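Undergrad: What follows is a structure written as structure tokens; I'll ask about it next.
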Amino acid sequence: MTYLSADDEAELRYEGSDYHLLKNGSYVCCAVTGQRIPLDELKYWSIERQEAYADCRISFERELACHPELRQLLA
């Protein structure tokens with residue numbers, strides 16, 4: 075039997091409102107900060123880039139960094 079520890083990083087495939095577990099684990103890392111995000115707290119990710127984010131602000135800033143043309147819409 076395989077047991078998970080707090081050090082097991084999951085691998086996920088991110089989809090619209092959910093994700094699929096590809097490799098068992100208890101957390102994923104934020105693509106920007108490297109912060110560990112427990113799976114039960116994961117709320118923000120990019121389907122396009124298959125990245126997880128620790129919070130809404132980080133997700134928003136990453137989107138603007140990847141699509142600078144969006145900044146014009148906010149002006």
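Here the numbering used here is used: the first residue of the sequence shown is 75, the next is one more, and so on.
Backbone N, C-alpha and C fix where the C-beta goes; we use that ideal spot for every residue, glycine too.
Computed from a predicted model, the values in this text were never measured in an experiment.
Determine the direct distance from the alpha carbon of Pro112 to that of Arg136, and round the result to whole angstroms.
TA: Taking the straight line joining both Cα atoms gives about 20 Å.
Undergrad: Could you give the C-beta distance for Tyr88 and Ile132, rounded to a whole number, given that I count them as a contact under 8 Å?
TA: With a Cβ gap of about 15 Å, Tyr88 and Ile132 do not count as contacting.
Undergrad: Compute the Euclidean distance between the alpha carbons of Glu125 and Arg145, then round it to the nearest angstrom.
TA: One C-alpha to the other measures close to 21 Å.
Undergrad: Identify every residue that forms a DSSP beta bridge with Cys102.
TA: Inspection of the sequence shows that residue 102 is occupied by Val rather than by Cys. Its beta-bridge partners are Ile111.
Undergrad: Quick one: using the 10 Å Cβ neighbour count with 16 as the cut-off for buried, is Leu86 buried or exposed?
TA: Buried: at least 16 other Cβ atoms inside 10 Å.
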